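Asks:
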Amino acid sequence: MKHILKLHVNGEDFEIFTEMNKTLLEVLREDLGFTGTKRGCDLGACGACTVLIDGKPYLSCLTLAIAVQGKKIVTIEGLAREGKLHPLQKAFIEKGAIQCGFCTPGMILTAKAFLDEHPYPSEEETKRAISGNICRCTGYVKIVEAILSVNENQ
Amino acid sequence: MDKLNVVGKREVMLDAWEKATGQARFTDDLSFPGMLFGKILRSPYAHAKILQVDLTQALNVPGVKDAITGRDIPKKMYGIVPMAKDEYALAIEKVRYIGDEVAAVVATSVEAAEEAILKIRVDYEELPAVFDPFEAMRPGAPILHSNVPNNVSASIRKEFGNVARAFSESDVVYEDTFETQPVNHSPLEPQAALAIVDLSGKVTLWSSTQIPFFLRRNLATTLDIPESKVRVIKPKVGGGFGQKIDLYAKDFCAAFFAMRTGKPVKFVYEREEVFTSTRQRHPMHIQLKTGMKKDGTLLAQQFKVVADGGAYNSTAPLMITLACYFIMLPYRLENLLFEGYHVYTNKPVGGAMRGHGIPQVRFAVETQLDMIAEKMGIDPLELRLKNAFLAGEPHPGKLLVQSCGFSDTLVKAAEGIEWKEKRGKLPFGRGVGLAGASFPSGVSNMSHISSGAIVKIERDGAVTLLTGAADIGQGAETVISQIVAEELGVTLEDIRITAADTEITPLDPGTFGSGVTLRAGNAAKMAALAAKEKLFEAVAEKMEVHSKDLEAKNRRIYMKDQPEKGMSLIEAIKIYQYSDRPMPIIGRGSYLPPAKEPTTLLKEDGNFSPAYSFMTQAAEVEVDTQTGKIKVLKMVASHDCGRAINPMLVEGQLEGSVVGGMGQALYEDVITDKGEVVNPSFLDYGIPTAMEVPSIVSIEVETNDPEGPFGAKESGEGTQLAPAPAIVNAIYDAIGVRFKTLPVTPEKVLEALWKK
Ligand code: FES
Ligand code: FES
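Heads up: the sequence lines are chains A and B, in that order.
Sequence positions in the first sequence follow this note's numbering and run 1 to 154.
Sequence positions in the second sequence follow this note's numbering and run 1 to 756.
1) Roughly how many angstroms lie between the CA atoms of A16(B) and I497(B), to the nearest whole one?
2) Starting from Q89(A), find everything on chain B with Cβ-Cβ shorter than 7 angstroms and list it in chain order.
3) What residues in the stretch 94-107 of chain A have a beta carbon less than 9 angstroms from any beta carbon of chain B?
4) Suppose the cutoff is 6 angstroms on Cβ atoms and the five residues either side in sequence are ignored; what does the same chain contact list for R672(B) look like?
5) Could you check if C49(A) belongs to the surroundings of ligand 2, using beta carbon to heavy atom distance under 7 angstroms?
6) Might you give, ordered along the chain, the residues of its own chain that have their beta carbon closer than 6 angstroms to the beta carbon of V230(B), omitting 5 neighbours on each side?
7) Report the partner residues of W206(B) according to the DSSP bridge assignment.
8) Looking only at its own chain, which residues have a Cβ that is under 6 angstroms from the Cβ of F252(B), when we skip the five neighbours before and after it?
9) Suppose you measure from the CA of K75(B) to the CA of V130(B); what does that come to, to the nearest Å?
10) Kindly list, in the order they appear in chain A, the residues whose Cβ is closer than 9 angstroms to that of S681(B).
11) Can you list the residues of chain A that T689(B) reaches, using a CB-CB cut of under 7 angstroms?
12) What is the DSSP secondary structure of K294(B), counted as helix, strand or coil?
13) Taking a Cβ distance cut-off of 7 angstroms, strictly less, list which residues of the stretch 695-725 of chain B are near chain A, in chain order.
14) Beta carbons nearer than 9 angstroms to chain A: which residues of the stretch 172-205 of chain B have them?
15) Run through the DSSP bridge pairs and tell me what S155(B) is partnered with.
16) Just the chain B side, please: which residues come within less than 9 angstroms of T184(A) by C-beta, in chain order?
17) For chain B, is any of its Cβ atoms less than 8 angstroms away from the one on G139(A)?
18) Hey, would you say T297(B) sits closer than 8 angstroms to K386(B), going by beta carbons?
19) Within its chain, find whatever has a CB closer than 7 angstroms to the CB of K38(A); leave out the 5 residues flanking it on each side and keep chain order.
20) Taking 8 angstroms as the cut-off, decide whether the C-beta atoms of Y174(B) and Q368(B) are in contact.
21) In chain order, what residues of the same chain lie with their CB nearer than 6 angstroms to the CB of D54(B), ignoring the 5 residues before and after it?
22) G355(B) touches chain A at which residues, Cβ-Cβ below 7 angstroms?
23) So that I know if they touch, is there some Cβ in chain A lying closer than 8 angstroms to that of R384(B)?
24) Starting from S590(B), follow its DSSP beta bridges and name the residues at the other end.
25) Do you know offhand how far R555(B)'s Cα is from L466(B)'s?
26) Answer with yes or no whether the minimum CB distance from E761(B) to chain A is below 8 angstroms.
27) Which of the three DSSP states, helix, strand or coil, is assigned to C253(B)?
28) Reducing DSSP to helix, strand and coil, say where M1(B) ends up.
29) List the residues of chain A that E270(B) touches, going by C-beta distances under 7 angstroms, in chain order.
30) What are the residues of the stretch 217-247 of chain B that lie near chain A, defined by any Cβ-Cβ distance shorter than 9 angstroms?
31) Is G589(B) near M691(B), with beta carbons less than 8 angstroms apart?
32) Helix or strand or just coil, what does DSSP make of A364(B)?
33) Using a 10 Å radius around the Cβ and a threshold of 16 neighbouring Cβ atoms, would you call E123(A) buried or exposed?
34) Can you tell me which residues form a DSSP beta bridge with N335(B)?
35) Could you name the residues of chain A that I472(B) contacts, counting a contact when the two beta carbons are closer than 8 angstroms?
36) Just confirm the distance between the C-beta atoms of I327(B) and A307(B), as a whole number of angstroms; I'd bet it's less than 8 angstroms.
Here it is in structure tokens:
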């Protein structure tokens, strides 16, 4: 059964006529074209589909779209403001924390929510924070480095 | 060598910003109006005859547009190695493993396709199955492929020196058996394909592939249409590690359904399918006998290797050959007998994975070397240094090793892990270990392993580079662009690259065997040089000098010995145009790795690769004797990659490779029960997360290979050869227990400690 779904994504309001049982991941990718949100497993086990909902990281493959109506959703496409990269995006790029880039959107958003709460984390805390996000390419070394570097020089 | 401006710099990956902002498009991110979605029905049986398939009910599901079985497709086999073709895109008469492809449907939604799959009725006649390679080799065992009556589909026997005599002259002879497990590559992007067909009948396929040109060939074969009717485009690829080297049912089905329906068709695998029905690292059983002199001189080695290949060949002959060739390095070994067998079983299929057949035998060799060192009272580092192969030495197997920094990598890794201070001296539960290896930089002497490149210098000084090389996340496009920028004396920002589109870019075999930097890099360097020479000719004429006295750097062309005499690149282009030379300025390069000593791989001795890289891994571990858990505290990866074109990307390769190797040593295992994968998910499989990652030190040893572009060789694949034995050797140093099977799980540790 199709219904009107109202979502607030990356600062804009969307009305979508779609099936009510869709996950947020499906709606973002298929109905709204925010393909930056990745599907790595569809089972909540890789973190590639992470988005921010009211500032907190959620696995969009396990989240029903109708359950997050009225909330603020941020995908990787919404992180850069007015053409300016978020410091985390810059750090990931410059530190070589991106290889294939498939884990990157989820990783950056997880890190963003984490840094918002813990601006000066330790390495251990950082590793724990991203332990739900799998990266098969980088070995995480440069990812952790990038996250730690963001508030370092402030 | 002269000062380099772009090569050797920690340049940011060209497409990193696209990936950081969500703009990068992977196959599943692409879509077309009216696109259909496909699903594949897979066999629930390990071995069965397909008696009948009834699609009627599936076709009645609303939204379903088409459905096929193996009987509807051209009867054309495929395989990545032409001599080992043994697979149909969909099974035709029988299925050979749980997950084998039986039928496929397309529908207007994924849900409709999923529902339809459940409504396909298949009558199977179950056949006896075999799950163990040794049982499969016995007379009377179930036969998977009728043309291979003993299930041994590829084998190699290679001997040089005189092994029997060398053993009799040895002071000590050791014999051990080792076993490794199946490992899934687990690229984070699941396999995907999207096809459209135009009115002329030409198929365009976007695919998560490492090998666009081989895929084009295999797709044309299986669709039974000419290669010229197939265009393969590689969008961003979310990792491969070897798993995306084959054609898969998703590629064939997307194209075949697009041809049948006239609609765009997309197939995306679920994570479970990636585990059960793509490829995995071959589990191996390795018997190894080694003879040595009292002083630690390695005299002879004899191997008997049985690789469990699963239901199909994939890269079988190549895999078993590589396993053999790369025990011929990095040590001086005058007498070798290697027998290797690739055996069919009713299980998931083995294929190329980072290291391709070599990590398994490396594990055996490096573990046994430590065992021997201990029994003989020699330091394992000394034992390795004593036998380390040196550059320029004649190789008994006729490999041509022009640069070799192996000893250096050993020494530096040992320093990095504080070998002298720590080995044998840490408290119980802590220990250090190391292991060495060597890897090719692509393969010599096969003309289909050539790379081409085109470099165009535009009117405004921008450079357009066309290369067939397939960047799957390792940064090939960046590295090749750096090479071109260096050769032309421009900056990296001046380069615009188009890669891996079989219709537009020149031939390239793709990303495998670690040949990309050397092979595609050399082709691009040649193309850049050819374009530069055209420009130099016009400039030299104008300046009334010899073009050989000119040099290009910093967007200028000038006299080598009088740098102030010259002009900007833009002026040079103007001069070129005003001298009535034809535009555009195009340089072309085609590169085939030379074969000074040609080899036919399986039959004769000879050189195998244009260059060989060398590496040592050292590990420090901590074993929790209560829980059996092993924590890797530190890894040192020292790597002779010739010259690092981009040290930041090389480090990234080493770090990722080391962590993958650690996964193989301690956690990862595709567990099957009667052929059924019981842990086909990230939750149950055991990929290392950030929590398990040790501190990693990467050390680049530069040797400047004469054949490599700016001296560069392989990096990143060879690094996955030695982490497992380094870790296992460190575990021995920590708790005095020797593990000969992988992975070393907490249960195995506790059991061993209990027995001790
Ligand atoms: S796709 Fe959501 S966690 Fe993997
Ligand atoms: S960069 Fe490829 S999975 Fe993280």
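Idealized CB from N, CA, C, for every residue including glycine.
Fair warning: this is a prediction, and the values are worked out from it, not measured in the lab.
Replies: If we stick to the structure as given:
1) Taking the Cα positions, A16(B) is about 14 angstroms away from I497(B).
2) Within 7 angstroms Cβ-Cβ: A20, T21.
3) Of all residues in the stretch 94-107 of chain A, only E94, K95, G96, A97, I98, Q99, C100, G101, F102, C103, T104, P105 come within less than 9 angstroms of chain B when Cβ atoms are compared, listed by chain position.
4) The amino acid at residue 672(B) is misidentified as Arg; the sequence shows Thr. Hits under 6 angstroms: K347.
5) No.
6) Within the same chain, and ignoring the five residues on either side of V230(B) in sequence, the residues whose Cβ sits closer than 6 angstroms to its Cβ are V203, R216, L219, A220.
7) DSSP output for W206(B) lists L194(B), I233(B) as bridge partner(s).
8) For F252(B), same chain residues with a beta-carbon under 6 angstroms away, outside a window of 5 residues either side, are A89, T222 in chain order.
9) The alpha-carbon atoms of K75(B) and V130(B) are separated by roughly 26 angstroms.
10) Here the neighbours are C41, L43, A45.
11) Listed along the chain, the chain A residues whose CB falls inside 7 angstroms of the CB of T689(B) are S131, I134.
12) Note: K294(B) maps to coil in three-state DSSP.
13) When CB distances to chain A are screened at a threshold of 7 angstroms, the residues of the stretch 695-725 of chain B falling below it are I696, in chain order.
14) Residues passing the 9 angstroms Cβ filter: H185, S186, P187, L188, E189, P190.
15) S155(B) pairs with Y341(B).
16) What the structure shows of chain A is the stretch from 1 to 154, and residue 184(A) is not part of that stretch, so it cannot be assessed.
17) Output row for G139(A): interface = yes.
18) Taking 8 angstroms as the Cβ cut-off, T297(B) and K386(B) qualify as a contacting pair.
19) The residues are A48, C49, F102, P105, G106.
20) Contact flag set, yes.
21) Excluding sequence neighbours, D54(B) sits near R121.
22) Taking a Cβ-Cβ cut-off of 7 angstroms, G355(B) has no neighbours in chain A, whose nearest Cβ is about 15 angstroms from it.
23) False, the Cβ-Cβ gap to chain A never drops below 8 angstroms.
24) S590(B) pairs with G452(B).
25) Distance between the alpha carbons of R555(B) and L466(B) is about 20 angstroms.
26) Residue numbering for chain B in the displayed model covers 1 to 756; residue 761(B) lies beyond these limits and cannot be assessed.
27) In this structure, C253(B) counts as helix in the three-state DSSP scheme.
28) Only weak support is given to the placement of M1(B): the predicted model assigns it a pLDDT of 45, under 50, and the question is left unresolved by the model.
29) D42, listed in chain order.
30) Against chain A - using a Cβ distance shorter than 9 angstroms - the residues of the stretch 217-247 of chain B are K236, V237, G238, G239, G240, F241.
31) Cβ distance not < 8 angstroms, so G589(B) and M691(B) don't count as in contact.
32) Correct three-state label for A364(B): helix.
33) In the assembly as shown, E123(A) is an exposed residue. Its beta-carbon has fewer than 16 other beta-carbons within 10 Å.
34) Note: N335(B) sits in a beta bridge opposite A300(B).
35) Residues of chain A with a Cβ closer than 8 angstroms to the Cβ of I472(B) are, in chain order, C100.
36) I327(B) to A307(B), Cβ: 14 angstroms. No contact.
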